[in-house]
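Below you'll find the structure, written out as structure tokens, and then a few comments.
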Amino acid sequence: MPINPKTMYKLLKHPLLLLISIVAFACNSGSDEDKTIASTHPKLEKQLDRDSVNMPVTSSENAGLYERYQITMEEYENSGNYSAGNLYRGKLSQVDEKSHTEAQNFKTALREGMEEGINFAGKYTVVTIGCGTNCQRHFIVDRETGKITDQVQGSMGARYSTGSRVFILNPPDSSANYNQCQDCSPKAYELKDGKLQPLEK
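Take the working numbering: the final residue in the sequence shown is number 209, and no numbers are missing along the way.
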């Protein structure tokens with residue numbers, strides 16, 4: 009709304025009143041610009057609401073990937089072809105820190121992890137150590153000799169058991185977006201002579 013010239017003249021006599029009037033005018037004139045996006049662009053608001061970050065990260069394509077990974081890993085784990093046999097009952101050796109080049113860097117974590125006892129393939133202890141955001145190193149330790157026989161790195165943990173030689177790196181997770189995180193893809197291994205060998209379909 010324009011200011012009357014006479015009013016402007018009177019206000020010029022009082023600079024403080026002028027300043028207050030200008031601020032009030034600016035606030036009133038901006039009221040139309042402050043309307044919500046719903047009143048000005050309803051279609052855009054609907055799109056933003058639909059595509060907001062509150063949506064699940066999964067998609068129909070990702071759901072298909074998850075199902076394939078899940079089925080494949082379950083086939084390995086339930087096949088019965090990778091039984092670990094008898095559980096080792098002898099004395100449990102402590103970790104041999106000279107058996108792996110990286111062991112010296114993780115002395116404390118390895119020693120603490122060994123306290124869990126045998127947790128993989130009949131006589132091994134898997135010790136998982138964080139190496140940053142979404143990063144874990146899994147050390148395979150033979151509890152009969154104390155030697156670190158292998159080590160593998162992943163992004164989403166691991167799944168294994170005392171009675172099986174199957175080691176699943178990055179177990180299937182329905183919330184993972186496999187299209188955007190290649191390092192999150194599940195991988196299956198079989199432990200052979202202390203070494204993790206990839207299982208392929």
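We put the CB at the ideal spot given by N, CA and C, even for glycine.
Beta-bridge partners assigned by DSSP to Arg167: Ile176.
CA-CA distance, Thr116 to Asp201, rounds to 26 angstroms.
When the five nearest sequence neighbours on each side are left out, the beta carbons in the same chain lying within less than 6 angstroms of the beta carbon of His108 are those of Ile156, in order along the chain. Under the Cβ criterion (8 angstroms, minimum of three pairs), the stretch 97-104 does not count as touching the stretch 173-182. If you look at Arg119, you'll find it in the alpha helix (DSSP H) that goes 115-122. Counting along the chain, Thr157 sits inside the beta strand (DSSP E) bounded by residues 156-162. The alpha carbon of Val134 has as its nearest neighbour, out of Asn113, Ala196, Arg145, the alpha carbon of Arg145. According to the DSSP secondary-structure assignment, Ala196 is paired through a beta bridge with Ile176. About 6 angstroms separates the CB atoms of Tyr132 and Arg151; that is less than 8 angstroms, so the two are in contact. The beta carbon of Gly162 sits closer than 6 angstroms to those of Gln144, Leu177, Asn178, all from its chain and outside the five residues before and after it, given in chain order. By the beta-carbon neighbour count (other beta carbons within 10 angstroms, threshold 16), Ile79 is exposed. Checking the DSSP bridge columns, you'll see Ile137 partnered with Arg145. For Glu124, same chain residues with a beta-carbon under 7 angstroms away, outside a window of 5 residues either side, are Thr133 in chain order.
Our two residues, Ala184 and Ala129, have alpha carbons roughly 27 angstroms apart in a direct line.
DSSP, read as helix, strand or coil, puts Gln205 in strand. Look at Asp181 here: in three-state DSSP terms it is coil, with no helix or strand label. Here Gly140 is exposed. Its C-beta has fewer than 16 other C-beta atoms within 10 Å.
Apart from sequence neighbours up to five positions away, the residues of its chain that approach Ile126 with a beta-carbon distance below 8 angstroms are Leu95, Tyr96, Leu100, Tyr132, Thr133, Arg151, Thr170, ordered along the chain.
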